[in-house]
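Chains as they are written, first to last, in our numbering: chain A, 464 to 668; chain Z, 464 to 668. Below: the structure, in structure tokens.
Number of protein chains: 2
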Amino acid sequence: MPPRSYVSPARSAAAAETRERVIEAASRTLREGESIARFSLDSVAKAAGVTRLTVYNQFGSRRGLLEAVFDEIARHGGLHQLADAMTMADPRAALDRMVEIFCTFWSRDSAVGRLHDAMATDPEFAEAIRERNERRRRGLTALIDRIADKGASPQARKDAVDLIFALTSYPTFASLSAGRSRDEVCRVVQRACRAALAPLSNPSS
Amino acid sequence: MPPRSYVSPARSAAAAETRERVIEAASRTLREGESIARFSLDSVAKAAGVTRLTVYNQFGSRRGLLEAVFDEIARHGGLHQLADAMTMADPRAALDRMVEIFCTFWSRDSAVGRLHDAMATDPEFAEAIRERNERRRRGLTALIDRIADKGASPQARKDAVDLIFALTSYPTFASLSAGRSRDEVCRVVQRACRAALAPLSNPSS
DNA sequence: TATTGACTATACATTATGTATATCTAATTT
DNA sequence: AAATTAGATATACATAATGTATAGTCAATA
Numbered sequence: 464m465p466p467r468s469y470v471s472p473a474r475s476a477a478a479a480e481t482r483e484r485v486i487e488a489a490s491r492t493l494r495e496g497e498s499i500a501r502f503s504l505d506s507v508a509k510a511a512g513v514t515r516l517t518v519y520n521q522f523g524s525r526r527g528l529l530e531a532v533f534d535e536i537a538r539h540g541g542l543h544q545l546a547d548a549m550t551m552a553d554p555r556a557a558l559d560r561m562v563e564i565f566c567t568f569w570s571r572d573s574a575v576g577r578l579h580d581a582m583a584t585d586p587e588f589a590e591a592i593r594e595r596n597e598r599r600r601r602g603l604t605a606l607i608d609r610i611a612d613k614g615a616s617p618q619a620r621k622d623a624v625d626l627i628f629a630l631t632s633y634p635t636f637a638s639l640s641a642g643r644s645r646d647e648v649c650r651v652v653q654r655a656c657r658a659a660l661a662p663l664s665n666p667s668s
Numbered sequence: 464m465p466p467r468s469y470v471s472p473a474r475s476a477a478a479a480e481t482r483e484r485v486i487e488a489a490s491r492t493l494r495e496g497e498s499i500a501r502f503s504l505d506s507v508a509k510a511a512g513v514t515r516l517t518v519y520n521q522f523g524s525r526r527g528l529l530e531a532v533f534d535e536i537a538r539h540g541g542l543h544q545l546a547d548a549m550t551m552a553d554p555r556a557a558l559d560r561m562v563e564i565f566c567t568f569w570s571r572d573s574a575v576g577r578l579h580d581a582m583a584t585d586p587e588f589a590e591a592i593r594e595r596n597e598r599r600r601r602g603l604t605a606l607i608d609r610i611a612d613k614g615a616s617p618q619a620r621k622d623a624v625d626l627i628f629a630l631t632s633y634p635t636f637a638s639l640s641a642g643r644s645r646d647e648v649c650r651v652v653q654r655a656c657r658a659a660l661a662p663l664s665n666p667s668s
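Here is the structure:
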């Protein structure tokens, strides 16, 4: 006799709600905690009012929970505005806008800093975050191709992409954030990114 | 009766030797290991042919060992050349040289990458490494003051210092190292640092 | 009314860091 | 030569974290 199975609206809704509650508790714990070292599934479970095993049941592992938190932050981080930015007529203005969007993203929820810390101890989590960052690199590549002169070498384009990728990364943002507001950091990064475009302009044109 | 104590040349020499052996084993373990998560005092002790307690006896804690490894790498990393670089007549050439020295430093021993990873999980270790990096910022500040025009604002100087500080940091080096040789990374960073000096030049002069 | 899905309770295995105590051995001191 | 001392070892223990296993609870569903 095959086991009869069913989908339960009320059940899955309740499960989704606890899932949200755990993610919320996790990001709160990340925000308030001193370091990622203090981030334990035990504390998260307690903060969410569930058992540690419920966390495993929902996310499979510590890594799964961290990825879910990152995805939640990304969902509410304003990255959807990138689509509009990329279609701007002036690619240099689009780059400025892209920097602005990412500065806002990195500063919106301080839990992202802790998530980047988690990359250090969990290579697979690091890879997952890197994959999510590759979208930034692809957008950047398209933008650079629009900005670069015909004569600009592939190497010069690659250099510009990778340099701006590094400039718009979280570590750079965090480094410049000491003693600066989000907008001030944004302006500094924008200037540096514009300067990184110089080698793409053919002096003969 | 007060306990008589003495210093033993043979003893302290042997202790220093085991200390060196443990540091060597630790940096080797960091280099060869997949991630900092796998770095345990147990494995280091085994690799060094001593007991885990000997490691505690010599370094006090995991953090102490990591700091000792960093200091050992710094001693052999060529940072002493900074003194010569800073006294160069042309401050822009000095900056180029400084970038070169740090690119060499970051690339010399891949254990430095793992040590930076360790900063994520141990705030006090992170602080210790940051203090060691402040020397770079101070040198940079002095250099920028020599390069900047009289009219350059303090804010513009600070921006240049912090931006170049970020550009010469390990995370930037690591990010640009994907698919690039040390020298190639060096050239990219040098260009970016030179570009960061532009706002310091008074256009009226 | 029987079954199923999400969560709970409890227990266990494993791995790390860090501390405590007693012991061993070779280098020094008296 | 004998006592002592510094460094290393052996063994044990406390604590905390991840992850797995097994059985039980309870409301939603068939």
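The beta-carbon is built from N, C-alpha and C at its ideal position, and this holds for glycine as well.
List, in order along the chain, the chain Z residues whose C-beta lies closer than 8 Å to that of residue i?
| i | result |
| --- | --- |
| E495 (chain A) | Correct list: empty, because the minimum Cβ distance to chain Z is about 14 Å. |
| T514 (chain A) | None at all; the shortest Cβ gap to chain Z is about 26 Å. |
Between residue i and chain A, is there a C-beta pair that is closer than 8 Å?
| i | result |
| --- | --- |
| T447 (chain Z) | For chain Z, the structure presents residues 464 to 668; residue 447 (chain Z) sits outside this window and is missing. |
| P662 (chain Z) | yes |
| A658 (chain Z) | yes |
| S498 (chain Z) | yes |
| A489 (chain Z) | no |
| D580 (chain Z) | yes |
| R654 (chain Z) | yes |
| T635 (chain Z) | yes |
| M464 (chain Z) | Any reading at M464 (chain Z) must be qualified, since the residue scores a pLDDT of 42, below 50, and its modelled position is unreliable; the value itself is stated next. Not closer than 8 Å to any Cβ of chain A, the Cβ of M464 (chain Z) fails to qualify, so no. |
Please check the pair residue i and residue j, which I expect to be a contact at CB under 8 Å, by giving their CB distance rounded to whole angstroms.
| i | j | result |
| --- | --- | --- |
| F533 (chain Z) | I486 (chain Z) | About 10 Å separates the two Cβ atoms, so there is no contact after all. |
| F568 (chain Z) | G540 (chain Z) | 4 Å |
| L603 (chain Z) | F628 (chain Z) | 6 Å |
| L639 (chain A) | V652 (chain A) | 7 Å |
| L663 (chain A) | A583 (chain A) | With a Cβ gap of about 34 Å, L663 (chain A) and A583 (chain A) do not count as contacting. |
| R555 (chain A) | R657 (chain A) | 7 Å |
| A489 (chain Z) | L528 (chain Z) | 6 Å |
| Y633 (chain A) | V562 (chain A) | That pair is no contact at about 13 Å. |
| D585 (chain Z) | R494 (chain Z) | Incorrect: roughly 19 Å between the Cβ atoms, too far for contact. |
| R645 (chain A) | S573 (chain A) | Wrong, their Cβ atoms sit about 12 Å apart, outside the cutoff. |
| Q521 (chain Z) | R577 (chain Z) | Their Cβ separation, rounded to whole angstroms, is 20 Å, which puts Q521 (chain Z) and R577 (chain Z) out of contact at 8 Å. |
State yes or no: is the beta carbon of residue i nearer than 8 Å to at least one beta carbon in chain Z?
| i | result |
| --- | --- |
| F628 (chain A) | yes |
| I536 (chain A) | no |
| T492 (chain A) | no |
| I486 (chain A) | no |
| R609 (chain A) | no |
| E480 (chain A) | no |
| T567 (chain A) | no |
| A615 (chain A) | no |
| R474 (chain A) | no |
Residue range of the alpha helix (DSSP H) that residue i falls in?
| i | result |
| --- | --- |
| M549 (chain A) | 544–549 |
| K621 (chain A) | 617–630 |
| L528 (chain A) | 525–538 |
| Y633 (chain Z) | 633–639 |
| D559 (chain Z) | 554–571 |
| Y469 (chain A) | From DSSP, Y469 (chain A) is part of no alpha helix (DSSP H); its letter is neither H nor E. |
| D646 (chain Z) | 645–659 |
| G602 (chain A) | 586–610 |
| T517 (chain A) | 515–522 |
| K509 (chain Z) | 504–511 |
Quick one: which chain Z residues come within Cβ less than 7 Å of residue i?
| i | result |
| --- | --- |
| V651 (chain A) | D622, L626 |
| S632 (chain A) | S638 |
Starting from residue i, find everything on chain A with Cβ-Cβ shorter than 7 Å and list it in chain order.
| i | result |
| --- | --- |
| P586 (chain Z) | E497, S498 |
Output, in chain order, the set of chain A residues within a Cβ distance shorter than 9 Å of residue i.
| i | result |
| --- | --- |
| A583 (chain Z) | S498, I499, A500, R577, H579, D580, A581, M582, A583, T584 |
Anything in chain Z within Cβ reach of residue i, meaning under 9 Å, just list it in chain order.
| i | result |
| --- | --- |
| A619 (chain A) | Correct list: empty, because the minimum Cβ distance to chain Z is about 10 Å. |
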